[in-house]
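The next block holds one structure in the form of structure tokens; read it before the comments.
There are 4 protein chains.
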Amino acid sequence: MSHPEQNSPAATQESQALAERIGQWLARMPFAQHLGIRFEGAAPGFGRCAMTIADEHLNMVGIAHGGVVFALADTTFGVACNSDGRVAVALSAHIAFHAPTRVGETLIAEAHRVSQSRHTGHYRVDVTNAEGRAIAQFTGVAYRREDAVEKWMEEAGPQQSE
Amino acid sequence: MSHPEQNSPAATQESQALAERIGQWLARMPFAQHLGIRFEGAAPGFGRCAMTIADEHLNMVGIAHGGVVFALADTTFGVACNSDGRVAVALSAHIAFHAPTRVGETLIAEAHRVSQSRHTGHYRVDVTNAEGRAIAQFTGVAYRREDAVEKWMEEAGPQQSE
Amino acid sequence: MSHPEQNSPAATQESQALAERIGQWLARMPFAQHLGIRFEGAAPGFGRCAMTIADEHLNMVGIAHGGVVFALADTTFGVACNSDGRVAVALSAHIAFHAPTRVGETLIAEAHRVSQSRHTGHYRVDVTNAEGRAIAQFTGVAYRREDAVEKWMEEAGPQQSE
Amino acid sequence: MSHPEQNSPAATQESQALAERIGQWLARMPFAQHLGIRFEGAAPGFGRCAMTIADEHLNMVGIAHGGVVFALADTTFGVACNSDGRVAVALSAHIAFHAPTRVGETLIAEAHRVSQSRHTGHYRVDVTNAEGRAIAQFTGVAYRREDAVEKWMEEAGPQQSE
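Residue numbers (this note's numbering), protein chains in the order written: chain A, 30 to 191; chain B, 30 to 191; chain C, 30 to 191; chain D, 30 to 191.
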């Protein structure tokens, strides 16, 4: 964040392109694919993902398992907290469940950075259904490692290509 | 908890049998099966489940996705908080991630009731690997509904049988 | 919430007056006074309080103790979750600390209801300083009891008057 | 933690003495004194504090304010996470409230380290009353700074002496 050109239009465009490239790559991770999570957008400090609830996501009373909603929120948190190119991992997370979700409903998660220091970051993720009803609110604390996301993208590259 | 016969050996045996029957049924829920979660035991206010990390559970840096660990803990919380026969659902949960997990590792979650009132309950879930290393700590708040778990078991019965 | 006149102007005015009366009363509670918390406004599902950091609120490294920030957020949560007249108590809360606060700074907390069911409610509280900088984010889960806040106000009345 | 002499009796004794010295100093911080928090013991990764609920700690329904219980837990967390001599600050915390507390009751908090990495640490704090009843459970995430607690002790020294 120390380059003088950081806020020039070129730097902004570059940061934006990096965030999208990372977000797209992250959303291809095995567990996100296993759940059917779709990448819908990223920007520095921001991420958006969606998924549609299917039969395999249900619990015994016919609603989406809390772990499904958490996994969507956590993945979107990952898109946002890795968006500036440094690997970030979750230290802890809190989730409040507001309303149940049924088969066929689409869930949308939006993650926003609330604050960031050199080694840590705080994020808020709102999960809603397609009508905008509040489904869950997630708060995540990230630890920022020193390694670059792009290093992992290069290494994983060939395996990830379709 | 007010019946004098509650703590008689027969009542205790009955409570234990109910907790196990409910736990076994809960662990057959679609999302638990989708993840490969195995039921390992239940008692009133207690639950234990396990799973083995497979390729589809990974994130981009080769470790189990936080959503996988959460889902195991949340399922085990469900076994414990439904163990006395009333349907209980999660209001909120907090998870702290202590150590990463890799493919082939087995995770074991144990949920214990910490306190319970008429409508709510607090549970703690410890997730460890097979060597006993702390992987995550989960704290869950449950809301106790008025309906009986067994009513759902009866209704779902035929669909759930293998 | 079932009265047809609920959303008429008169009902709205009455709900608003009740929320303010309750909020003012709650902010006079001993611990809020002990900390110097000031009531700044309430509406159904909403509360706002403020306080100025003084010497007695500090920890050893010269910044406001986390317990001070939590107590302000928790009090404001109480104003919001009791605002419709039923006694509500905290089941659990999560707080993320974004930035430190020093002596002389004013902290402002705003609590918003995110969702509510018959027995429980979820609230979000944002704590900022006077310049609008994010200081902390609090998420609270409330249990709604059957008793009325006004019953407590009547009983406590004489002791509370100055 | 890499010195071979770390676990020798002398090193252990020194670590223990440091933890106690730091804990005693931390418990003299202004806000802890304002609340009447008493230091009861420390060891590497561990802390124990207590307080007695007084009139000024109450909320409007005659029980200890959630902020009081949180502040006791948070202070004890501070004793434990600063115990090895590096300044540690709270990133986030979750608290579940199990039972109310009344005037005259003594609350005891014990904080244990669950895991620690180079820059972060996870702690669990159990708050009970004198009879051992569970009052609250706190989970805290600490960020470990590079500066030494003893540097702050030296600087603050004269001001803190009674």
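Don't be surprised by glycine CBs; every beta carbon is placed ideally from N, CA and C. Since this is a predicted model, take the numbers as computed values, not measurements.
| Item | Value |
| --- | --- |
| Determine, using beta carbons only, whether A/S121 comes closer than 8 angstroms to chain D. | yes |
| Just list the residues that DSSP pairs B/V170 with in beta bridges. | B/S121 and B/H151 |
| Tell me B/A93's beta-bridge partners as DSSP assigns them. | B/L87 |
| For A/S144, which residues does DSSP report across the bridge? | A/H151 |
| So C/S144 packs on A/A128, CB below 8 angstroms; how close in whole Å? | 7 angstroms |
| Looking at C-alpha atoms only, which residue of B/R153, B/A117 and B/G133 is the closest neighbour of D/N126? | Looking at the sequence itself, residue 126 of chain D is Phe, so the reference to Asn does not match. Closest by alpha carbon: B/R153. |
| Just mark C/A46 as buried or exposed, buried being the case when its beta carbon has 16 or more other beta carbons within 10 Å. | exposed |
| Whole angstroms is fine: what's the gap from B/T104's alpha carbon to B/A61's? | 7 angstroms |
| Spell out a yes or no on whether the stretch 163-179 of chain A and the stretch 94-108 of chain A are touching, meaning 3 or more CB-CB pairs, one atom from each, closer than 8 angstroms. | yes |
| Can you give me the C-alpha to C-alpha distance between B/S112 and B/V170, rounded to a whole angstrom? | 15 angstroms |
| Return the CA-CA distance between B/G91 and A/R147, expressed in angstroms with no decimal places. | 24 angstroms |
| So with Cβ pairs under 8 angstroms, would you call B/R131 a contact of chain D? | no |
| Let's test the definition: count the other Cβ atoms within 10 Å of the Cβ of D/E175 and tell me whether it reaches 16, buried, or not, exposed. | exposed |
| Among the residues of its own chain, which have a CB less than 7 angstroms from the CB of B/G95, if the five just before and after it don't count? | F126 |
| Under three-state DSSP, which class holds C/M58? | coil |
| Is the beta carbon of C/T151 sitting closer than 8 angstroms to the one on C/G74? | The sequence as given places His at residue 151 of chain C; Thr does not occur at that position. Contact flag unset, no. |
| So with Cβ pairs under 8 angstroms, would you call A/A83 a contact of chain C? | no |
| Mind checking if B/G197 is an interface residue toward chain A, Cβ cutoff 8 angstroms exclusive? | This structure cannot speak to residue 197 of chain B, because chain B is shown only from 30 to 191. |
| My output table needs one value for A/V116: the three-state DSSP class, helix, strand or coil. | strand |
| Taking the alpha-carbon positions, what's the B/A79 to D/F68 distance? | 40 angstroms |
| For B/I127, would you say it is in contact with chain D, using Cβ-to-Cβ distances shorter than 8 angstroms as the test? | The residue asked about is misnamed: residue 127 of chain B is His in this sequence, not Ile. Chain D, which has a Cβ nearer than 8 angstroms to the Cβ of B/H127, makes this yes. |
| Quick check on D/R131: buried or exposed, where buried means 16 or more other Cβ atoms within 10 Å of its Cβ? | exposed |
| Grab me the residues of C/A71's own chain with a C-beta within less than 6 angstroms of its C-beta, minus the 5 sequence neighbours each way, in chain order. | A48, E49, G52, V108 and S112 |
| Provide the residue span of the beta strand (DSSP E) that contains C/T81, from first to last. | F75 to T81 |
| Got a sec: is the Cβ-Cβ distance from A/L47 to anything in chain B below 8 angstroms? | no |
| Within 10 angstroms of the Cβ of B/N88, are there 16 or more other Cβ atoms? Answer buried if so, exposed if not. | buried |
| Could you tell me if C/D84 is buried or exposed, where buried requires 16 or more neighbouring beta carbons within 10 angstroms of its beta carbon? | exposed |
| Tell me the DSSP secondary structure of D/S190 in three-state form. | Note on D/S190: pLDDT 36, under 50, position unreliable in the model; the coordinate value appears next. DSSP places D/S190 in coil when its eight states are reduced to three. |
| Check distances from the C-beta atoms of the stretch 90-101 of chain A to those of chain B and list, in chain order, the residues that come in under 7 angstroms. | V90, H94, G95, G96, V97, F99 and A100 |
| For D/L136 and B/A117, what's the separation of their Cα atoms in angstroms? | 30 angstroms |
| Using beta-carbon positions only, say whether B/R115 and B/A56 come within less than 8 angstroms of one another. | no |
| Measuring only the C-alpha atoms, how far is D/E43 from D/R173? | 21 angstroms |
| Distance check for B/F106 and A/A185, CA to CA, integer angstroms please. | 35 angstroms |
| CA-CA distance, A/I124 and D/S37? | 43 angstroms |
| Under 8 angstroms, do D/G133 and D/I82 count as touching if we go by C-beta distance? | yes |
| Quick one: is C/A79 near chain A, going by C-beta distance under 8 angstroms? | no |
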